[in-house]
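The working numbering applies: residue 6 is where the sequence shown begins, and numbers increase by one. Virtual Cβ for every residue (Gly too), placed ideally from N, Cα, C. Please read all numbers here as calculations on a predicted model, not as lab measurements. Have a look at the structure below, then the notes.
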Amino acid sequence: MPLLLLFGLMLPVTGMVPVLSSFTAQRFDGLGQFGSHFFMSINMIGALIGAPVAGLLSDRLGKRKKLAVTALILNGLTLLGIALAYRQFDSYALLLGLRLLEGFAHMSALSLLMALGSDQVGRGGLGGRMGAIGASISLGVATGAPLGGVVGGIDPLWVPLGGGLLSLALAVVGAIGLRDATTARPRMAIGEILDTLRTRRALAVPLAFSFADRLTVGFIVSTLSLYFGLTLGFDARAIGMAMAAFLVPFSLLTWPAGHLSRRWDPFSMMVAGSILYGVFLGALAFVPAAWIIGTMAAGGVIAALMYAPSLVLAAHYGGEDCRASALAAFNMAGSLGFAAGPLISSLLLAFYSSFSASPHAPVFVSIGAIEVALALGVYALHRRDTLGTRSSLELR
């Protein structure tokens, strides 16, 4: 049940990507690149608040189900509000406010459903469980991109409208079918949870990768999406297909990659995958339009090899007692990266545009370099065991 709800929860997220320009520059005259990018970033600013609140309350109270259903209801109502504001009110500030609240509700629901999923004991162990969770999330994201392109091609309003109704339906399903873990978990005060997480220094590694990886996602759904539409001339359907080419192999391979982390070192998988992923991002600006689909598909394969191990490491280093808070911190770091991604890439675009007629290539290379530099830096710390990352991983 948590896997099914995670899949449905993610559909509206990338469903908004193909209609980004419809909700920003095409809807509000005079809105610049920064304002258009901020539509994606402010959603993640709300998520930055939602993730820790949901994680700490969940570990403190142990009532993951009730909190998750409440978050799904709030997510649905705010999506319906976005649809209403888009059609009825000429206020970008109102739209941004609703996006902020939606981000809070979405990330709260996501963190709680991930914790519920990780509580379930399965034959695949922690690696299999976190791989399945990652696969559900990425499959929802992968399905949402082309679905948003098709639905948004008819009417952009239908994307948040359909997403809102879907989220309310998921809340009903969750209220009926979700179950809290039957085994009792330690109940700690919020201050004790925070103190415990601070002592687990190795948790900083998957959090850092979550930040960088989601920063690149923020770049993909904003700058890359606008590049496809404004520079390469892709329409909403073509943008949706390009995103799907990346996300479908990513989602299909995340679960096998989670199982693979039981046999291979998940830390090495994460580092190697991140280096290759950075090279992929830098190469995108040099790929002809006819090769975009194939290149995006190759990038999706690489992304799966680094995403699943980072989830496994976050759940492992968080421990049974603070797992919801650790996963919330993982999502919080990712939300911060997602919020920073569109802003950083738009600033880089403005900077390189000041002295280059073709600014996209250096922007893409710069974003890819962030991923590569992080991977190499963390690997150097790992070799010296500065953060205690060499401790054995009992993933079976």
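- When secondary structure is reduced to three states using DSSP, Val377 falls in the helix class.
- Secondary structure at Met248: helix, using DSSP grouped into helix, strand and coil.
- DSSP, read as helix, strand or coil, puts Leu258 in helix.
- Around the C-beta of Gly299, fewer than 16 other C-beta atoms lie within 10 Å, and the residue is accordingly described as exposed.
- Counting only the Cα atoms, Phe12 lies some 5 Å from Ser141.
- A straight line joining the alpha-carbon of Ala288 with that of Val178 spans about 43 Å.
- Here the region 96 to 116 makes contact with the region 79 to 86; the two share three or more CB pairs at distances below 8 Å.
- In this model, Leu353 and Leu231 are separated by some 14 Å (Cα to Cα).
- Relative to Pro271, the option among Met135, Gln31, Ala247 whose CA is nearest is Met135.
- Three or more Cβ pairs closer than 8 Å define a contact, and the region 275 to 284 meets that threshold against the region 373 to 384.
- Judged by DSSP secondary structure, Phe33 falls outside any alpha helix (DSSP H); it is assigned neither H nor E.
- With respect to Gly342, Ala334 sits apart: the two C-beta atoms are not nearer than 9 Å.
- Taken in chain order, the region 282 to 338 contains no complete beta strand (DSSP E) segment of 3 residues or longer.
- For the set Asp218, Ala338, Ala147, the Cα lying nearest the Cα of Val253 is the one of Ala147.
- In the same chain as Gly278, and ignoring 5 residues on each side of it, the C-beta atoms closer than 7 Å to its own belong to Ile307, Leu310, Met311, in chain order.
- Membership of Ser113 in the alpha helix (DSSP H) is indicated by the continuous run 97 to 124.
- Taking all protein chains in view, the Cβ of Arg219 is crowded by 16 or more other Cβ atoms within 10 Å, so the residue is classified as buried.
- Ala56 carries a helical assignment under DSSP once its states are collapsed to helix, strand and coil.
- Taking all protein chains shown into account, Ala362 has fewer than 16 neighbouring C-beta atoms within 10 Å of its C-beta and is therefore exposed.
- With a contact defined as Cβ atoms closer than 8 Å, Gly139 and Thr259 qualify at about 4 Å.
- Between the C-alpha atoms of Gly86 and Pro364 there is a straight-line separation of about 36 Å.
- With respect to the C-alpha of Leu103, the residue from Phe94, Leu118, Met119, Leu84 having the closest C-alpha is Leu84.
- Put simply, the region 240 to 250 touches the region 154 to 166. At least three CB pairs are less than 8 Å apart.
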